[in-house]
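**Student:** For reference, the structure I am asking about is given below.
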Amino acid sequence: MASDTPVTAVALLEALERGRCSAEELTRDCLDRIAARDGDLNSFITVDAEGALAAARAADDARAGGRAGPLAGLPIAHKDIFCTDGLRTSCASRMLDNFVPPYSATAVERLGTAGAVTVGKTNMDEFAMGSSNETSYYGPCRNPWDRERVPGGSSGGSAAAVAAGLVPAATGTDTGGSIRQPAALCGITGIKPTYGRVSRLGMIAFASSLDQGGIMARSAEDCALLLGAMAGHDPRDSTSAREPVPDYRAALAMNLDGLRIGLPRGWFDSTLAGAIGDRLRAALGELEARGARLVDVDLPNNHLSIPAYYIIAPAEASTNLARYDGVRYGHRCGQPADLEDLYTRSREEGFGAEVQRRILVGTYALSAGYYDAYYKKAQQTRRLIRQDYLDALASVDLIAGPTAPGTAFRLGEKVDDPVTMYQEDSYTLGVNLAGLPALSLPVEPLAGLPVGLQLIGRHFDEGRLLAVAHRLQQVTDWHLREAPAPEGVA
Amino acid sequence: MSLGAEQLERLAALARLRIDPGEAPALGDSLDRILAMVEELAAVDTTGVEPLANPLDAVQPLRADVVTEENRREAFQAIAPAVEDGLYLVPRVVE
Numbered sequence: 001m002a003s004d005t006p007v008t009a010v011a012l013l014e015a016l017e018r019g020r021c022s023a024e025e026l027t028r029d030c031l032d033r034i035a036a037r038d039g040d041l042n043s044f045i046t047v048d049a050e051g052a053l054a055a056a057r058a059a060d061d062a063r064a065g066g067r068a069g070p071l072a073g074l075p076i077a078h079k080d081i082f083c084t085d086g087l088r089t090s091c092a093s094r095m096l097d098n099f100v101p102p103y104s105a106t107a108v109e110r111l112g113t114a115g116a117v118t119v120g121k122t123n124m125d126e127f128a129m130g131s132s133n134e135t136s137y138y139g140p141c142r143n144p145w146d147r148e149r150v151p152g153g154s155s156g157g158s159a160a161a162v163a164a165g166l167v168p169a170a171t172g173t174d175t176g177g178s179i180r181q182p183a184a185l186c187g188i189t190g191i192k193p194t195y196g197r198v199s200r201l202g203m204i205a206f207a208s209s210l211d212q213g214g215i216m217a218r219s220a221e222d223c224a225l226l227l228g229a230m231a232g233h234d235p236r237d238s239t240s241a242r243e244p245v246p247d248y249r250a251a252l253a254m255n256l257d258g259l260r261i262g263l264p265r266g267w268f269d270s271t272l273a274g275a276i277g278d279r280l281r282a283a284l285g286e287l288e289a290r291g292a293r294l295v296d297v298d299l300p301n302n303h304l305s306i307p308a309y310y311i312i313a314p315a316e317a318s319t320n321l322a323r324y325d326g327v328r329y330g331h332r333c334g335q336p337a338d339l340e341d342l343y344t345r346s347r348e349e350g351f352g353a354e355v356q357r358r359i360l361v362g363t364y365a366l367s368a369g370y371y372d373a374y375y376k377k378a379q380q381t382r383r384l385i386r387q388d389y390l391d392a393l394a395s396v397d398l399i400a401g402p403t404a405p406g407t408a409f410r411l412g413e414k415v416d417d418p419v420t421m422y423q424e425d426s427y428t429l430g431v432n433l434a435g436l437p438a439l440s441l442p443v444e445p446l447a448g449l450p451v452g453l454q455l456i457g458r459h460f461d462e463g464r465l466l467a468v469a470h471r472l473q474q475v476t477d478w479h480l481r482e483a484p485a486p487e488g489v490a
Numbered sequence: 491m492s493l494g495a496e497q498l499e500r501l502a503a504l505a506r507l508r509i510d511p512g513e514a515p516a517l518g519d520s521l522d523r524i525l526a527m528v529e530e531l532a533a534v535d536t537t538g539v540e541p542l543a544n545p546l547d548a549v550q551p552l553r554a555d556v557v558t559e560e561n562r563r564e565a566f567q568a569i570a571p572a573v574e575d576g577l578y579l580v581p582r583v584v585e
């Protein structure tokens, strides 16, 4: 395992299965890599060496006893938005810098039950509000392909940790693109499932009608393997979907004859003067050469995704984040003069600038006299946007397009202008508003930086998206391209 | 649409936030730009369109009216900033 060749989760599990290595060795190897390389990358907020080694030894015992789960001994990382029992869960906020949850998220429980070993918690934008990982209380995470550039966000730490080979897979969450955009900017594969597919219990809430957990890994096959363990109905999450979870790995072999791929008009020309569009078209050409048909589709209201989202998400966030009051958990200001001072100063000190900005926008959109003009209007527009996607997906099997409008940008380049930063989500927001599944997979890099192809499917059609991505990854090696090793590291 | 200093202060009070006077102009400016961006929605014809709250049109499931949660007061209070005798402490509100 000492080489720098990216190793997939599937390959690691096969090595464990055949006894070529132990879970403990694998976990030590991950911990060593993190210690050696994460200093300047800053992809982890918390590393749990002790807990990871104990879980790895338990996985080795389970394997020896013939009780191994499907992921027994596989080291993974969780985005620091997923509650982990007894392990600090900060959401990259000063507000939760001292928060040690008394329970684990359902997604964390399920992956743990399948045998996955949690090595640590990854960096992110504060409360998942950002597209560059620069709003983290713990400092920005950097892109392994170019340390002067952002990894994307909000699941930037998970993307960077996988891209740098620190862990084979990590969880992420996606409210407006937060799995797909960092996956694209870091050259990995990331899937945001259908809304409700993965339980939101214990996933710290940002915008409850949009939030969805998913997997970030090297390959579609790895995503299929881990998503299968993570997904499923949870009676403790009232928005959890009841549809049975198909065998996503078996779905990889799905017959794709006659596949129809919709290309939204305008999506391939407006990105980076067409250069990204060319990369995407080349990748789609590989599918076309194998029988897929490319068809133009229209999403006439999709351009309204940005304004609709930036009303709905802040409105829901302002409500969700009202719970942080300095009373029951999280940051509490020193020497409060009275109850009002306790609430106000705890929140002012605990929340960073972008979080406060979104709370204020959301408060405005929900305040008396403005509700109809903003929140209701945005929800009506949301229905129009969803209808566009459903209409398009009635005539094609899936929609393909760019994940992000450009490649990884420089640290600090957009951080001072929220409206410019929000454009980063142009191609991803509509998917969350419509509740659809989508994934991003890497195609041919551009000027040494990764480019992501986004595939968008019908509700609960994750299997087909994974199968198409897998087909492409069987005839190309873009997903196995490595980020260049940093100077001074052998 | 531009938020004046007074409206900004009112919003902050509603959200239980306090805005540093030195940062208020820059914050107000960024909020103005966000509001200008979302202004695009005003021109959309949404006559007769039902608001969409859940992308799958799901409604709240109901369950039997029985207690299923266990009492974990000690675990929850162990992470609270200030507790005493099983109660959360806040500054005095009643003299």
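Chains as they are written, first to last, in the numbering used here: chain A, 1 to 490; chain B, 491 to 585. Yeah, the Cβ is synthetic: ideal placement off N, Cα and C, and Gly gets one too.
(1) Residue 32/A CB to nearest chain B CB: under 8 Å?
(2) In this structure, does DSSP put residue 330/A in helix, strand or coil?
(3) With 8 Å set as the bound, which would you pick, yes or no: does the beta-carbon of residue 531/B sit closer than that to a beta-carbon of chain D?
(4) So with CB distances below 7 Å, who are the chain B contacts of residue 435/A?
(5) Chain A beta carbons: is any one of them nearer than 8 Å to that of residue 540/B?
(6) Which parts of the segment 93 to 148 of chain A are runs of the beta strand (DSSP E), unbroken and 3 residues or longer, counting only runs that do not cross its ends?
(7) Apply the 10 Å Cβ neighbour rule to residue 483/A and answer buried if 16 or more other Cβ atoms are within range, or exposed otherwise.
(8) One question on the structure: do residue 470/A and residue 442/A come within less than 8 Å of each other, judged by their Cβ atoms?
(9) Rounded to whole angstroms, what is the Cα-Cα separation between residue 174/A and residue 260/A?
(10) Take residue 498/B and list the residues in its own chain whose beta-carbon comes closer than 8 Å to its own, dropping the five residues that flank it on each side.
(11) Closest Cβ-Cβ distance between residue 459/A and chain B: below 8 Å?
(12) What does a CB cutoff of less than 6 Å around residue 236/A pick up in its chain, not counting 5 residues either side in sequence?
(13) Return helix, strand or coil for residue 2/A, following the three-state DSSP convention.
(14) When you compare only the Cα positions, how much space is there between residue 194/A and residue 352/A?
(15) Return the CA-CA distance between residue 306/A and residue 526/B, expressed in angstroms with no decimal places.
(16) For a contact defined as C-beta to C-beta under 8 Å, what are the partners of residue 307/A on chain B?
(17) Rounding to the nearest angstrom, what Cα-Cα distance links residue 457/A and residue 290/A in this structure?
(18) Taking the Cβ atom as the reference point for each residue, do residue 191/A and residue 155/A lie within a distance shorter than 8 Å?
(19) Is it buried or exposed, residue 374/A, if we count other Cβ atoms within 10 angstroms and call 16 or more buried?
(20) Could you tell me the alpha carbon to alpha carbon distance between residue 582/B and residue 341/A, rounded to whole angstroms?
(21) Please identify the residue among 205/A, 100/A, 163/A whose C-alpha is closest to the C-alpha of residue 129/A.
(22) So for residue 571/B, helix, strand or coil by DSSP?
(23) So, are the CB atoms of residue 165/A and residue 44/A less than 8 Å apart?
(24) Once the 5 residues before and after residue 381/A are set aside, which same chain residues still bring their CB inside 8 Å of it?
(25) Between residue 530/B and residue 211/A, what straight-line distance do the alpha-carbon atoms span, to the nearest angstrom?
(26) Just the Cα atoms here: how many angstroms apart are residue 73/A and residue 117/A?
(27) Assuming residue 89/A and residue 96/A make a contact with CB atoms under 8 Å, what is their CB distance in whole Å?
(28) Taking Cβ positions only, does residue 286/A come closer than 8 Å to chain B?
(29) Could you compute how far the alpha carbon of residue 414/A sits from the alpha carbon of residue 142/A?
(30) With three or more C-beta pairs closer than 8 Å as the rule, is the segment 99 to 114 of chain A touching the segment 143 to 151 of chain A?
(31) Tell me the DSSP bridge mates of residue 443/A?
(32) By the three-class DSSP mapping on this structure, what secondary structure does residue 235/A have?
(33) Using only the heavy atoms of the ligand FAD, determine whether one of them is closer than 7 Å to the beta carbon of residue 568/B.
(34) Residue range of the beta strand (DSSP E) that residue 78/A falls in?
(35) Measuring straight from C-alpha to C-alpha, what distance separates residue 283/A and residue 255/A?
(36) Do the CB positions of residue 505/A and residue 398/A come within less than 8 Å of each other?
**Tutor:** By the coordinates alone:
(1) As a working mapping, residue 32/A is identified with position 32 in the first sequence. For residue 32/A, the answer is no, since every Cβ of chain B falls outside 8 Å of its Cβ.
(2) Counting from one through the first sequence, the residue named residue 330/A turns up at place 330. Reduced to three states, the DSSP call for residue 330/A is coil.
(3) Chain labels in this structure do not include chain D; the protein chains are A and B.
(4) The count along the first sequence starts at 1 and reaches residue 435/A at position 435. The contacting residues are 545, 546.
(5) Within the second sequence, the letter at position 50 stands for residue 540/B. Yes - at least one Cβ of chain A is within 8 Å of the one on residue 540/B.
(6) 117 to 122
(7) On the first sequence, residue 483/A is found 483 positions in, with the first residue counted as 1. Burial call: buried.
(8) The residue given as residue 470/A occupies position 470 in the first sequence. The residue given as residue 442/A occupies position 442 in the first sequence. No; because the gap between Cβ atoms is not below 8 Å, this pair is not in contact.
(9) As a position in the first sequence, residue 174/A is number 174, starting the count at 1. As a position in the first sequence, residue 260/A is number 260, starting the count at 1. The alpha-carbon atoms of residue 174/A and residue 260/A are separated by roughly 26 Å.
(10) As a first step, residue 498/B must be located in the second sequence, where it is residue number 8. The residues are 509, 514, 517, 518, 521.
(11) Translated into positions along the first sequence, residue 459/A becomes position 459. Chain B, which has a Cβ nearer than 8 Å to the Cβ of residue 459/A, makes this yes.
(12) To locate residue 236/A, count along the first sequence from 1; it is residue 236. The answer, listed in chain order, is 201.
(13) Walking along the first sequence from the start, residue 2/A turns up at place 2. Note on residue 2/A: pLDDT 43, under 50, position unreliable in the model; the coordinate value appears next. If DSSP states are grouped into helix, strand and coil, residue 2/A belongs with coil.
(14) Taking the first sequence and counting its residues from 1, the one referred to as residue 194/A is at position 194. Taking the first sequence and counting its residues from 1, the one referred to as residue 352/A is at position 352. Rounded to the nearest angstrom, the two C-alpha atoms are 30 Å apart.
(15) Position 306 of the first sequence holds residue 306/A. Position 36 of the second sequence holds residue 526/B. Taking the straight line from one Cα to the other gives about 12 Å.
(16) As a position in the first sequence, residue 307/A is number 307, starting the count at 1. Ordered by position in chain B, the residues that pass the 8 Å Cβ test against residue 307/A are 527, 528, 529, 530, 531.
(17) For the purposes of this step, residue 457/A is taken as the residue at position 457 of the first sequence. For the purposes of this step, residue 290/A is taken as the residue at position 290 of the first sequence. About 19 Å.
(18) Mapped onto the first sequence, residue 191/A falls at position 191. Mapped onto the first sequence, residue 155/A falls at position 155. It is not a contact, given that the beta carbons lie outside the stated cut-off.
(19) Looking up residue 374/A in the first sequence gives position 374. Looking at its Cβ environment, which holds 16 or more other Cβ atoms inside 10 Å, residue 374/A is buried.
(20) By 1-based counting over the second sequence, the position of residue 582/B is 92. By 1-based counting over the first sequence, the position of residue 341/A is 341. Each residue's alpha carbon lies about 12 Å from the other.
(21) Position 129 of the first sequence, counted from the start, is the residue given in the question as residue 129/A. Answer by Cα proximity: 205/A.
(22) Counting from 1 along the second sequence, the entry for residue 571/B is found at position 81. Coil, per DSSP.
(23) Taking the first residue of the first sequence as 1, we reach residue 165/A at position 165. Taking the first residue of the first sequence as 1, we reach residue 44/A at position 44. No, the Cβ-Cβ distance between residue 165/A and residue 44/A is not below 8 Å.
(24) As a working note, residue 381/A is residue 381 in the first sequence. The residues are 301, 304, 307, 308.
(25) The residue labelled residue 530/B in the question sits at position 40 within the second sequence. The residue labelled residue 211/A in the question sits at position 211 within the first sequence. Rounded to the nearest angstrom, the two C-alpha atoms are 24 Å apart.
(26) Counted from its first residue, the first sequence places residue 73/A at position 73. Counted from its first residue, the first sequence places residue 117/A at position 117. Rounded to the nearest angstrom, the two C-alpha atoms are 6 Å apart.
(27) Along the first sequence, read from residue 1 onward, the residue named residue 89/A stands at position 89. Along the first sequence, read from residue 1 onward, the residue named residue 96/A stands at position 96. 7 Å between Cβ atoms; contact.
(28) Here residue 286/A corresponds to residue number 286 of the first sequence, with the count starting at 1. It does not: the Cβ of residue 286/A has no partner Cβ on chain B nearer than 8 Å.
(29) As a first step, residue 414/A is located in the first sequence; it is residue number 414 there, counting from the start. As a first step, residue 142/A is located in the first sequence; it is residue number 142 there, counting from the start. Distance between the alpha carbons of residue 414/A and residue 142/A: 15 Å.
(30) no
(31) Residue mapping note: residue 443/A aligns to position 443 of the first sequence, counting from 1. 451/A.
(32) Walking along the first sequence from the start, residue 235/A turns up at place 235. Reduced to three states, the DSSP call for residue 235/A is coil.
(33) The ligand FAD is absent from the structure shown, which contains no ligands of any kind.
(34) Here residue 78/A corresponds to residue number 78 of the first sequence, with the count starting at 1. Per DSSP, residue 78/A belongs to the beta strand (DSSP E) from 75 to 79.
(35) Against the first sequence, residue 283/A aligns to sequence position 283. Against the first sequence, residue 255/A aligns to sequence position 255. Going from the Cα of residue 283/A to the Cα of residue 255/A covers about 19 Å.
(36) This structure gives no information on residue 505/A, because the portion of chain A shown stretches from 1 to 490.
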